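Residue numbers (this note's numbering): 576 to 1107. All C-beta atoms, glycine included, are put in the ideal place defined by N, C-alpha and C. Here the structure is a predicted model, which means the values were calculated and not measured. Just below is one structure, and these are the notes that go with it.
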Ligand SMILES: [Zn+2]
Ligand SMILES: [Zn+2]
């Protein structure tokens, strides 16, 4: 999410989310920290969406719950957003449909939407005419000169803006490390045709549910090879339906097979579209691989195409899925072994092409890990942009443009909001630390019964451990722990400690150093004092 602010208001570009990493156990979603927006609530005018991917629209329901502002987006983007808002109980969102080529005035910002190619239809770049000059946000893009549907990226608009003079360009950096050009989406269709030509059993294709062009190529191959199309996986079923309704996918009803009916069709007459290209444990393909899908099985003679590459962090899950499918006897096709996927993000030569057309005074590489931003910056230097005119920013960083000059000014808070069980959690890092410690080190509970008047210990304390050591197998350790706690309590009783929190602290300290010495583990220690 990027906020663009000038006198007259703030316009937001995208409202994305991230998925939690392994350091955030129990967290469902990660939202941007928008305390800055709360502080400037009165200036908020609109949020502009570049395309319908989760990392660009995922936090919108949470944003709109807090700020009642109009949302600008293209038809498919809004089509994907609408059911999400409904799911969150947001009934009356002000959704304003735009299309590539449109210009709209929002609070003194002249917004122009420019067609780009990406791994989802209806993606746009946004040019903002601000008081300081023209600022271009690329959105996620690639240059596909033979796209599956719609037009190639509108390079002529970029050229025209470049002639007019672009103050700053905020460009997608995802593939900045990758030399050359990303091939056209069409080559995937060619591979599909080759596979469909020879396959005799079932064909199962896993892809991102939002990759309508990819889905559309599967459907086209099915038409050519007389196969019906089965669909499984919640988001795949939903997105196929939305895309059909809005006219982005030509899948006639007579070709569509509900997942409950796939077994009524001979294997050689069907292709099944599924979720799970990222190895997500609950997704349909993972269940097919594990043999736990309600209706769909894969085995000898079947071909499974993983039409995606794993997002960093998902490699193990994808690999597990591939192994399981192979053990079942299915043939599994994936990149780079077969050209069953191409990226939706521009590689270096495309990034150069864009820079040469826009000729921005300032380059701000965005979208990607820090290393990708750095590489995009180097590409800019190679294209003749002065190093001091390139700003590699981190979340929360702020730039100011004044009289044609840019500088970095003091940052704003920009941590993360973590969504736990559907509600925005208390973000506190200490909770995440505790969960990690619990999962890695376990828990140790000490119950001590104490005479409320004298502070004397009444009998030996009880020790309960979870996820730490097996109490049966480690009886010695439990007994010794009881000894340690007894000593602590006798010591504190003799020095007349009556403050139970002091007592608990002492138990925690003594027990922690004993356990870490004995086991090299630091479980969470919970002392409970029972007054009798
Ligand atoms: Zn995207
Ligand atoms: Zn993205």
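Residue from the options whose Cα sits closest to the Cα of residue i
| i | options | result |
| --- | --- | --- |
| residue 1109 | 1019, 836, 943 | Given a span of 576 to 1107 for the chain in the structure shown, any question on residue 1109 remains unanswerable. |
| residue 748 | 1043, 1107, 922 | 922 |
| residue 1017 | 610, 1075, 1090 | 1090 |
| residue 992 | 602, 589, 598 | 602 |
| residue 1096 | 933, 795, 910, 1040 | 1040 |
| residue 1007 | 605, 621, 898 | 605 |
| residue 902 | 1033, 807, 622, 863 | 863 |
| residue 917 | 623, 721, 759 | 759 |
| residue 834 | 821, 849, 843 | 849 |
| residue 845 | 585, 829, 977 | 829 |
| residue 609 | 624, 599, 640 | 640 |
| residue 637 | 600, 650, 589 | 589 |
| residue 841 | 805, 772, 585, 852 | 805 |
| residue 757 | 735, 722, 786 | 722 |
| residue 734 | 934, 1024, 943 | 934 |
| residue 900 | 980, 868, 771 | 868 |
| residue 971 | 882, 860, 611 | 611 |
| residue 1101 | 1093, 1075, 1094, 1092 | 1075 |
| residue 744 | 1014, 1010, 1065, 952 | 952 |
| residue 1004 | 599, 583, 587 | 599 |
Assigned exposure category for residue i - 16 Cβ within 10 Å defines buried
| i | result |
| --- | --- |
| residue 936 | buried |
| residue 925 | buried |
| residue 658 | exposed |
| residue 1067 | buried |
| residue 990 | exposed |
| residue 614 | exposed |
| residue 696 | buried |
| residue 802 | buried |
| residue 912 | exposed |
| residue 832 | buried |
| residue 719 | buried |
| residue 622 | buried |
| residue 1084 | exposed |
| residue 726 | exposed |
| residue 700 | buried |
| residue 976 | buried |
| residue 607 | buried |
| residue 856 | exposed |
| residue 1029 | exposed |
| residue 771 | buried |
For residue i: DSSP bridge partner residues
| i | result |
| --- | --- |
| residue 666 | DSSP, once it has assigned bridges, lists no residue as partnering residue 666. |
| residue 632 | DSSP, once it has assigned bridges, lists no residue as partnering residue 632. |
| residue 1037 | 1022 |
| residue 982 | 975 |
| residue 807 | 849 |
| residue 647 | 623, 671 |
| residue 783 | Paired residues: none, contrary to the question. |
| residue 717 | 692 |
| residue 1106 | 1025 |
| residue 831 | 804 |
| residue 906 | 878 |
| residue 1101 | 1020 |
| residue 709 | 704, 741 |
| residue 607 | 991 |
| residue 684 | 681 |
Test item: CB-CB of residue i and residue j under 7 Å
| i | j | result |
| --- | --- | --- |
| residue 715 | residue 693 | yes |
| residue 965 | residue 973 | no |
| residue 896 | residue 854 | yes |
| residue 698 | residue 711 | no |
| residue 878 | residue 906 | yes |
| residue 1082 | residue 1012 | no |
| residue 932 | residue 764 | no |
| residue 858 | residue 851 | yes |
| residue 1107 | residue 1033 | yes |
| residue 1021 | residue 1035 | no |
| residue 928 | residue 654 | no |
| residue 1053 | residue 1038 | yes |
| residue 706 | residue 688 | no |
| residue 713 | residue 755 | no |
| residue 673 | residue 656 | no |
| residue 947 | residue 717 | no |
| residue 642 | residue 624 | no |
Short CB-CB distance (under 7 Å) between residue i and chain B
| i | result |
| --- | --- |
| residue 912 | Judged by its chain identifiers, the structure shown contains no chain B, having just a single protein chain. |
heavy atom of ligand 3 below 6 Å from residue i C-beta
| i | result |
| --- | --- |
| residue 715 | As for ligand 3, it is missing from this structure, which binds only ligand 1 and ligand 2. |
Is it a yes or a no for the region 773 to 785 touching the region 731 to 750, going by three-plus beta-carbon pairs under 8 Å? With the cut-off at 8 Å, the region 773 to 785 and the region 731 to 750 do not touch.
Under 8 Å: do the region 805 to 819 and the region 880 to 895 share three or more Cβ pairs, one atom per stretch? no
Inspect the CB distances between the region 634 to 646 and the region 657 to 676 and report whether three or more fall short of 8 Å. yes
Using 8 Å as the Cβ pair cut-off and three pairs as the minimum, do the region 825 to 839 and the region 793 to 807 touch? yes
Check whether the region 590 to 601 touches the region 681 to 695, taking contact to mean three or more Cβ pairs, one atom from each stretch, closer than 8 Å. no
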